[in-house]
Amino acid sequence: MTDARLPVLAELERKILWLATWTIHNANHLRANTDGLKVGGHQASSASLATIMTALYGAVLRPEDRVAVKPHASPIFHAIQYLLGNQTREKLENFRGYKGVQSYPSRTKDTDDVDFSTGSVGLGVAQTLFSSLVQDYVRAKGWGTERPEGRMVALVGDAEMDEGNIFEALLEGWKHGLRNTWWIVDYNRQSLDAVVREGLWSRFEAIFRNFGWDVVILKYGTLQQEAFAEPGGEALRRWIDDCPNQLYSALTFQGGGAWRKRLTDDLGDQGDVSRLIDRRSDEELAALMANLGGHDLPSLLAAFEEARSHDRPVCFIAYTIKGFGLPLAGHKDNHAGLMTPTQVETLRQSMNVREGHEWDPFEGLSLPAKTLKSFLAAVPFAAKGRRRYQAPEVGVPAALTVPAQPAMSTQQGFGLILHEIAKGDTELARRIVTTSPDVTVSTNLGAWVNRRGLFAREEMADTFKAERIPSTFNWNFSPSGQHMELGIAEMNLFIMLSALGLSHSIFGERLLPIGTLYDPFIERGLDALNYACYQDARFIVAATPSGVTLAPEGGAHQSIATPLIGMAQDGLASFEPAFVDELATVLNWSFSYLQRSGEAEPDETTWLRDAVGGSVYLRLSTRSIEQPQRAMTPALAEDIINGAYWLRRPGPNAQVVVAYSGAVAPEAIAAVGLMGEDRRDIGLLAITSADRLNAGWTAASRARERGLVHARSHVERLLAEVPSHCGLVTVLDGHPATLAWLGSVNGHRTRSLGVEHFGQTGTIADLYRHHGIDTDAIVQAASALVPGRPIRHLRSA
Ligand SMILES: Cc1ncc(C[n+]2csc(CCOP(=O)(O)OP(=O)(O)O)c2C)c(N)n1
Ligand SMILES: [Mg+2]
72 MTDARLPVLA ELERKILWLA TWTIHNANHL RANTDGLKVG GHQASSASLA TIMTALYGAV
132 LRPEDRVAVK PHASPIFHAI QYLLGNQTRE KLENFRGYKG VQSYPSRTKD TDDVDFSTGS
192 VGLGVAQTLF SSLVQDYVRA KGWGTERPEG RMVALVGDAE MDEGNIFEAL LEGWKHGLRN
252 TWWIVDYNRQ SLDAVVREGL WSRFEAIFRN FGWDVVILKY GTLQQEAFAE PGGEALRRWI
312 DDCPNQLYSA LTFQGGGAWR KRLTDDLGDQ GDVSRLIDRR SDEELAALMA NLGGHDLPSL
372 LAAFEEARSH DRPVCFIAYT IKGFGLPLAG HKDNHAGLMT PTQVETLRQS MNVREGHEWD
432 PFEGLSLPAK TLKSFLAAVP FAAKGRRRYQ APEVGVPAAL TVPAQPAMST QQGFGLILHE
492 IAKGDTELAR RIVTTSPDVT VSTNLGAWVN RRGLFAREEM ADTFKAERIP STFNWNFSPS
552 GQHMELGIAE MNLFIMLSAL GLSHSIFGER LLPIGTLYDP FIERGLDALN YACYQDARFI
612 VAATPSGVTL APEGGAHQSI ATPLIGMAQD GLASFEPAFV DELATVLNWS FSYLQRSGEA
672 EPDETTWLRD AVGGSVYLRL STRSIEQPQR AMTPALAEDI INGAYWLRRP GPNAQVVVAY
732 SGAVAPEAIA AVGLMGEDRR DIGLLAITSA DRLNAGWTAA SRARERGLVH ARSHVERLLA
792 EVPSHCGLVT VLDGHPATLA WLGSVNGHRT RSLGVEHFGQ TGTIADLYRH HGIDTDAIVQ
852 AASALVPGRP IRHLRSA
C-alpha cells in the first residue's frame, strides 16, 4: 500500500531545502556583509539532513519528543519552523545577524522552540541521553504521568561521533537502563576537513550493540533496493558496498555521466548489468546512486515507525550525501562551500520559485498549496503548540538549620545542612536531586544519600546491608531514591545537571539539582558546564575540596583558576564562603534563585540581575576552621548574598583593609590582630562572592555612565567608608586576580595575594607559606603597602 503522506513529504522536503538554501544565500550575498558574516559549514551540512528532518518533523515526531539538532542543520530546522508558522521571515532574513536566527540552534536565543542547544559538537547528543534518564526519574516519582513519555532524539554528525563525551554518556546510559532515546547518525562520511575513514559504521554498530542499543542501518533507498532486485542488481550492490567513501563522494559530485562511465568500466558485462545501467538516463543514474537510506522517505518512515513500537534506545546509521540536492553534493571541500549566485539562480528555477517570491511558503509547488497547508496544519509534532512548560515554585524556608559545631569545614557543613533537609518531609526535600561522579561520599553527600536513597528504575538492595556487614553507608537503589550516582566522568556530571536543571521546562516538573565534584575537575567538565549554563539549566554545583588547602592531596588536585571561572561564567553565581552559617544562607538563597525567571532589569540596590535567576557554584573546602558564634540577622544575610560584609569595620583613619575569601579566613583574622598595634583602624572585609561583587560594580558603573548618577553597587557602598590613603591587601586560596580589581573601585592602593603556580604537597601551613598566603605574608604585604612604624610581629618573627 502506498503511503499518502509520501508525495506531500517529498514536496515539503524540496521546500525546506530551498528555504534553507535561500536563508544561507541571503545572509551571504544579499545582506550587507562587511565583517566576516560568511556562512561556513551550513549549506552542505544542512542538505545532508533535509530528508531525515522532513520525515521526523513532518510525520514521526510527537509534541512530547525532544530533539538536539546537529549544529549546522540549523537552517533546515528553522525552515521547518517557518513552514509550521513558528518562525518569522524577518529572523530568517537576519540569519547569523544581530537578533536574527542563531548560527546553531539555541534554546535561549532562538524563538522557535529549540529543545536543546547545540554548537559544541557532542554535547547535545549526550544531553538527549541524560534527558531521557531525567524523564524516567520524574515519572518514577509519579510526576508528570498525565503526559505521554517522549523520545529524546539526537541528529548526530558522523564526525561528531569522535567526541569522547558521547561514549562517556553511552556508558552511563547503559548503567541506568536507558530507554526512549534515538541517535540518528548522519553518515555522510564527511567531516569538516576530510572524508571519514572507511568502515567506521561497523565499529559504531558493534559499540552500540554492546551497550544494549538497537542498531538500524539505513544504507539503501527504495530505488536502490528495486534496482538490486533487477537482473544484474546484485553486482551493483556489491560494487556499492566495496566503493571507498572518497570515490563515492567524488562520483556523486561529478554526476550522472561520471557514474555511467565508472560503473560501465567496473561492471559492464554486455549483459544484465550493462542493461541495468543503460536503461537509465544520466539523471536517473545519478538519482539512483544518490538514493541512500538517509535520503529515502519511505525507508526512513518505515524505520522510524518500527522504532516507535518499543522504548529501547536506537542508533540509526543513515547513509547520506553531504550537500544532497545541491551542486556541492559530495565534494570533499564542501563543508564551507557556498553556492554561487548562479547556482542559487539555477536552483530557484528548478524549484519553480519566481523572483521576489523566494520566501513564499507555497511558491512553485507541484501539489495544490491547499494540500500542503492542510498537511502542515495536521502535523502531529505541532499539534500542541509551543512545547515548553512552567512548573510551580517549590517553597523555601526562611532559613536553613545551621549545624552547631565549634569548628567545621564548609564541606562538612554542606553535608550536615543537607542531612538536616533530608530528615524533613518537605516539598523542598522531595524536589532536591543530587548527583556526583563517584565522589558522593568524599564530598560529604553520604548522610543525604543514606536518608533519601539512590535512584534506579528497579529496586536493588545493598548487599552489604542485606548480609549484615557493618557499613556507614546504605547503598539501596529504588525508584524513590533521590541520588543519581554517576561514574567518574565529569562531562557526564555537567550534562546530567543540564538535563536535571531543565526538567521544569522540558517535563513540567521542578527539580532542584545539586551536583558535587572535586573543584579542580570543574576544568575537566568545563565545556559541558558552559553548555548547561548556555541552555539556562538550573542547578547547584558544590566543588570541594578546592585550592591548595587540600594540602597533602598534592599538586594534581589543587585548583588555581576556578575562582576566575566562577566569576567569568555567565549564568552561574559563584560563592566561596568561609563559615558554615554563610554557606547555609547562600544555599537557602540558591534554592529560590534557581527557580526565578523574570526580566533582566538589574536590581537598584545591588545592580545584579537577580530577578532572572541562574545556577550556583559553591567553592568549598575541607579545612576545619573555628566558627563564629553569631546570630544571622537579615542585614548580615543580605550582605552575604550580595558578596561581602565587614567582619571588622574599618575606623575613620584606617590605614589597612584586609579583604579575604574562603578558607584563608583564619590567616586574615590573625593578620589583622597582629597589626592592630602598629596600623590604625584596620578593617577586615569578608568576601563571600567575588563574582557578585564584581558584577554589581560593573553594572552600577554602566548605569552611571548612562545617566543614573546615583547608582551604587554593594562593593562601592562598603568601600565608600574606607579613606583614600588606606591600602588594601586581598587574599584567597586561588588566583590573585580574583580580588585584585577591588583597588579599582575607589582607587585604593592594592596588593593581591593568591596562588599562581602548581602546588607542592605538604601541610596547610607549609603551603600557605610557600605560596605567600599565610598570616606573615599578609602582614608583610600590608607593611610594604602602607609604610609606617615597623610592625612588631614582623620584627619578632
Ligand atoms: C567541540 C567542537 N569542535 C569543533 C567544532 C567545529 N566543527 C563544527 S562541525 C565540525 C565537523 C562536522 O562534521 P560532521 O559532524 O560529520 O557533520 P557534517 O558537516 O558532515 O554534517 C567541526 C569540526 C565544533 N563545532 N565543536
Ligand atoms: Mg559528516
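First residue of the sequence shown? That's 72 in our numbering, and the numbers climb one at a time after it. C-beta atoms are modelled at their ideal positions from N, C-alpha and C, and glycine is treated no differently. These figures come from a predicted structure and were not determined experimentally.
Closest Cα partner of residue i within the set the options
i	options	result
K290	S352, L334, D367 and L242	D367
A475	A655, Y602, N515 and L155	A655
I758	W310, R458 and A730	A730
R820	F829, T801 and G408	T801
K869	R210, V196, H149 and L194	With the chain covering only 72 through 868, there is no way to say anything about residue 869.
P477	E697, G524 and N601	E697
Q414	V793, T92, G778 and D837	T92
E792	W253, E776 and N817	N817
G714	S117, T809 and P794	T809
E498	P508, E672, G466 and R523	G466
T633	N724, A761 and L658	A761
G596	N563, R167 and R260	N563
T73	L799, S854 and L372	L372
G747	R773, I311, A736 and R719	R719
V619	G733, E297, P134 and G248	G733
A197	A708, M223, G722 and R178	M223
E164	S174, R178, T94 and R137	T94
A300	D343, R280, W272 and Y153	D343
Residues that residue i bridges to, as DSSP identifies them
i	result
M555	T506
L564	Answer is none; L564 lacks a bridge partner.
S823	T801
S686	L643
L226	I255
L363	Y291
I696	M479
L755	R719 and V729
Q261	V266
M386	For clarity, residue 386 is Cys in the given sequence; the question names Met instead. According to DSSP, C386 bridges with W254 and V286.
L525	F548 and H554
A613	T587 and L689
M531	F548
Cβ of residue i within 8 Å of any chain C Cβ
i	result
Q640	Of the protein chains in the structure, only one exists, and it is not chain C.
Euclidean distance between Cα positions of residue i and residue j
i	j	result
G767	T693	29 Å
V385	F610	29 Å
R309	H402	23 Å
D431	D285	41 Å
R333	K393	21 Å
G495	G193	40 Å
T704	R379	57 Å
E827	D229	41 Å
D186	W717	45 Å
V172	E161	9 Å
E434	L443	11 Å
V857	L789	20 Å
K170	T182	10 Å
T252	E429	37 Å
R690	I566	19 Å
V520	H628	25 Å
G203	A671	Per the sequence shown, the amino acid found at residue 203 is Ser instead of Gly. Their Cα atoms are separated by approximately 31 Å.
R268	L399	21 Å
T391	R457	30 Å
Contact under 8 Å by Cβ, residue i with residue j
i	j	result
A440	V256	no
E624	F592	no
G814	I844	no
A361	F395	yes
Q726	D752	yes
M555	F578	no
G190	P142	yes
L241	F282	yes
L80	A130	yes
A644	G685	yes
S574	L568	no
Supposed contact pair residue j and residue i - C-beta distance, whole angstroms, cut 8 Å
i	j	result
L200	G244	5 Å
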